[in-house]
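Down below is the structure, laid out as structure tokens.
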Amino acid sequence: MFRIQPPKQAMLREATIISGIIATCIGAPFFFFPYVDEDRISFTASITSLVVIYIVALIYLSLCVGWFTDYYTTGKKTLFEVDRKNLTIHQNSESTPYRLRDLHIDQMRVISLKKQPEYKPVLRSSNTRSWRIVALFYNAGQFQLSNGDTAQICLTDARHVVHIPTKLEHVLLLSPTDPNGLLLALIRAADPAYKPEV
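Going by the numbering used here, the first residue of the sequence shown is number 4, and it counts up by one from there.
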């Protein structure tokens, strides 16, 4: 059983972006509305506009916190299990098995999406939930890659990604805590007689 790589760096990046947006929403009124204007109507309009902006910012913050919690929980619960017949991806209460005979075990490898950008997922998907997740720190769902391939992805770390070609209509891109360990487990499961070189 292999856990997904904790998305610490990506989480920090997204939290910083969200904080910046909220700070902008809160601070903008002080620059654009004439609070020193003695005209009572202008002052009332300014206060009303400020209240509306604060309400919108609060709603946005609540949504961000909810999505953040949902995705973080889903990411932490993502597991990759290898047995004699299957590679199973566990996400919350959902489990997706891939038969080992449908995987190109001999073509598996660990890649870096930063060094090989052709394998990066395109920010577009027919699955709304997948698009929402890829917009945050935990990338999950079925996506088109920059090279035109279709991929089922569970990504949190672009630096160490397990790339698994399959006999199906897509490849797998996974972010386990131990990428090489997952590859070795799959090789051993597919070929019990395999012995790693010393």
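From the three backbone atoms N, C-alpha and C, an ideal C-beta is built for every residue, glycine too.
It should be emphasised that the depicted structure is a prediction, and the values quoted were computed from it without experimental measurement.
Closest by C-alpha distance to Leu82, out of Asn150, Gln94 and Ile167, is Gln94. Between Leu189 and Val85, the C-beta gap is smaller than 8 angstroms, which places the two residues in contact. C-alpha of Leu158 to C-alpha of Ser65: approximately 25 angstroms in a straight line. Under the three-state reduction of DSSP, Val125 is assigned to coil, being neither helix nor strand. In the DSSP assignment, Leu103 falls outside any beta strand (DSSP E), carrying neither H nor E. Residue pairing by DSSP places Thr169 opposite Leu106 in a beta bridge. Thr153 carries a strand assignment under DSSP once its states are collapsed to helix, strand and coil.
Beta-bridge analysis with DSSP links Ala143 to Cys157. Secondary structure of Leu148 (DSSP, three-state): strand. No Cβ-Cβ contact shorter than 8 angstroms links Leu176 with Thr169. Leu176 sits in a strand when the DSSP states are folded into three classes. Spanning the alpha carbons of Thr51 and Ala143 requires a straight line of approximately 41 angstroms. Per DSSP, the unbroken beta strand (DSSP E) holding Leu90 starts and ends at Asn89 to Gln94. Between Thr180 and the set Glu97, Gln119 and Val164, the nearest pair of CA atoms involves Val164.
Residue burial is scored here from C-beta neighbours: Ile58 has fewer than 16 other C-beta atoms within 10 angstroms and is therefore classed as exposed.
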